[in-house]
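Residue numbers (the numbering used here): 95 to 260.
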Amino acid sequence: MTKKKAEPLFKLRKSRISGRGVFAARKIRKGTRIIEYQGERISTAEGDSRYDDDQGEQAHVLLFTVDKKTVIDGGVNSNEARYINHSCDPNCEAIEENKRIFIEAIRTIQAGEELCYDYSLHRVEDDEGDIEKRYPCRCGSAHCRGTLLEPKKSKKRKRKSAKKKS
Ligand SMILES: [Zn+2]
Numbered sequence: 095m096t097k098k099k100a101e102p103l104f105k106l107r108k109s110r111i112s113g114r115g116v117f118a119a120r121k122i123r124k125g126t127r128i129i130e131y132q133g134e135r136i137s138t139a140e141g142d143s144r145y146d147d148d149q150g151e152q153a154h155v156l157l158f159t160v161d162k163k164t165v166i167d168g169g170v171n172s173n174e175a176r177y178i179n180h181s182c183d184p185n186c187e188a189i190e191e192n193k194r195i196f197i198e199a200i201r202t203i204q205a206g207e208e209l210c211y212d213y214s215l216h217r218v219e220d221d222e223g224d225i226e227k228r229y230p231c232r233c234g235s236a237h238c239r240g241t242l243l244e245p246k247k248s249k250k251r252k253r254k255s256a257k258k259k260s
């Protein structure tokens, strides 16, 4: 008896967001683990030296930060996950589990939709003023932040609450 091979969940296609993208080949249910972000595991320092920030965004965004010390270089020994584009209003999210990264559907995705997750590139203290422009977002969503960088951490200042005297 021959078993029919399950249809693949996704396929690569040209994306209107950026370059090639990954698209649902059939309906994907919320919570489905779609693919692991694979690549060579290297130190953060090694990642920084491999990809000079000034060379542009394409190289840099291949690095997936696992933790403070480790990044996954999606440019080496990678899989289709590297083609998943960023969106500020994504249908997937990246889940870390035992230092591995998996892309999962956060809602039901219809066949033909482009898969995307929020890259939320880490900001570092010595980021220059134009850093957001160097990593522009063109996701086109209504809530677009305009950048692939993570939202700015709002400095929580303790507000002196004016005590109301009753
Ligand atoms: Zn956006």
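Virtual Cβ for every residue (Gly too), placed ideally from N, Cα, C.
If you look at K105, you'll find it isn't in any alpha helix (DSSP H); it sits in the beta strand (DSSP E) that goes F104 to K108.
With fewer than 16 other beta carbons inside 10 angstroms of its own, S137 counts as exposed. Between R201 and N185, the alpha-carbon positions lie close to 6 Å from each other.
Taking each of D224, Y213 and L243 in turn and checking the Cα distance to I178, the smallest one comes out for Y213. An exposed status is given to H216, since fewer than 16 other beta-carbon atoms sit within 10 Å of its beta-carbon. A direct Cα-Cα distance of roughly 37 Å separates V218 from A205.
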